[in-house]
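K.L.:
Quick one: the structure is below, questions incoming.
In this note's numbering, the protein residues as written are 6 to 316.
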């Protein structure tokens, strides 16, 4: 899936299915676990075998519902939980949502009355198609450690704790976070992880790519394997993403233009505000006609649900 970088650039069809759609429809099939296992093995730098998929509350099957967000919750062969999220839409509080997601898993997957030693390890893998935070890298890893404020040393486990919990450091007991800023990747893939990010960014798999899971993706994620109904739903999904990105781009461009205009003539501020509101009304009407959920329209436009209903 090729895409441009400018306003309204369309997602061009390639031989392979976009990763977010595959996550939503295809990779939940046990026969396709090898694709996801290959990606996780590449990212986490250890062999990952998916034991089973668990229910995630935000999973939706309707093509218009939650099209900008896809969650998958997996359990590996060691009983650890791996939450994978794909997010197309810009969300300013996304860091907090990552925290909420892992905290919820920790509390949900421990039986009442069990000791704290039964708390399960959680990995939060976030594939974001928007500019999250401020940084120069494309992959970020976050983990918890305790460092002395006087000596600067890292608090370690005792030999007994290491033997009991079968880990080497305190950080291995806590949730770990991975963020892949897919849209920021604009170079030649030189490592297995970059090969995966290239596919997530473009929808194409280079002929020479050897990263674990990509060979399975070549075989299982081809467009010509989809039925006519599946292709129709898939292309509607792509159209929705184009609309969403175009709306975001337009909002930003209008905001910059208005800012420059206000700087030159503050007296025009009221007229500009009214013009912007009129454009938002038109945008809301267009998005409603596509049956896009109200909460998604609210995120894109900044309007409240009540304001959207009244337009």
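Every residue, glycine too, gets a C-beta built ideally from N, C-alpha and C.
All values derive from a computational prediction rather than experimental measurement.
Around the Cβ of residue 32, are there at least 16 other Cβ atoms within 10 angstroms (buried) or fewer (exposed)?
P.N.:
buried
K.L.:
Only counting the same chain, and skipping five residues up and downstream in sequence, which positions put a Cβ closer than 6 Å to that of residue 25?
P.N.:
75 and 91
K.L.:
Assign residue 282 to one of two classes, buried (16 or more other C-beta atoms within 10 Å of its C-beta) or exposed (fewer than that).
P.N.:
Under this definition residue 282 is an exposed residue.
K.L.:
To the nearest angstrom, report how far apart residue 284 and residue 303 are at their CA atoms.
P.N.:
Each residue's alpha carbon lies about 14 Å from the other.
K.L.:
Which residues does DSSP pair with residue 78 in a beta bridge?
P.N.:
59 and 88.
K.L.:
May I ask which residues mark the beginning and end of the alpha helix (DSSP H) holding residue 185?
P.N.:
No alpha helix (DSSP H) contains residue 185, which is instead part of the beta strand (DSSP E) from 181-186.
K.L.:
Does the pairing of the region 111-126 with the region 158-165 give three or more beta-carbon distances under 8 Å?
P.N.:
no
K.L.:
Taking just the CA atoms, how far does residue 35 sit from residue 196?
P.N.:
27 Å
K.L.:
Would you identify the three-state DSSP class for residue 7, choosing helix, strand or coil?
P.N.:
Any reading at residue 7 must be qualified, since the residue scores a pLDDT of 47, below 50, and its modelled position is unreliable; no value is offered.
K.L.:
Between which two residues does the alpha helix (DSSP H) containing residue 206 stretch?
P.N.:
197-207
K.L.:
What do you reckon, are the CB atoms on residue 106 and residue 129 nearer than 8 Å?
P.N.:
Cβ atoms of residue 106 and residue 129: closer than 8 Å.
K.L.:
With DSSP collapsed to three states, give me the class of residue 290.
P.N.:
helix
K.L.:
Going along the chain, which unbroken runs of the beta strand (DSSP E) with 3 or more residues stay wholly within the region 106-152?
P.N.:
127-133 and 144-147
K.L.:
Closest to residue 56 by CA distance: which of 287, 27 and 80 is it?
P.N.:
80
K.L.:
Whether or not the region 219-230 and the region 37-50 are in contact is what I'm after, with contact meaning three or more pairs of Cβ atoms, one per stretch, closer than 8 Å; do they touch?
P.N.:
yes
K.L.:
Based on Cα-Cα distance, which residue from 288, 82 and 190 lies nearest to residue 140?
P.N.:
190
K.L.:
Report yes if the CB atom of residue 185 is closer than 8 Å to the CB atom of residue 21, and no otherwise.
P.N.:
no
K.L.:
Considering only the beta carbon of each residue, do residue 133 and residue 150 sit closer than 8 Å?
P.N.:
no
K.L.:
Could you please give me the residues that DSSP links to residue 21 through a beta bridge?
P.N.:
227
K.L.:
Using the rule of at least 16 other Cβ atoms within 10 Å of the residue's Cβ for burial, across every protein chain shown, is residue 97 buried or exposed?
P.N.:
exposed
K.L.:
Identify whether residue 193 lies in helix, strand or coil by the three-state DSSP scheme.
P.N.:
coil
K.L.:
Pull up the distance between the alpha-carbon of residue 53 and that of residue 168, whole angstroms please.
P.N.:
22 Å
K.L.:
Spatial neighbours of residue 89 within its chain, please: CB distance less than 6 Å, with the 5 preceding and 5 following residues excluded, ordered by chain position.
P.N.:
77 and 130
K.L.:
Whole angstroms is fine: what's the gap from residue 198's alpha carbon to residue 181's?
P.N.:
About 18 Å.
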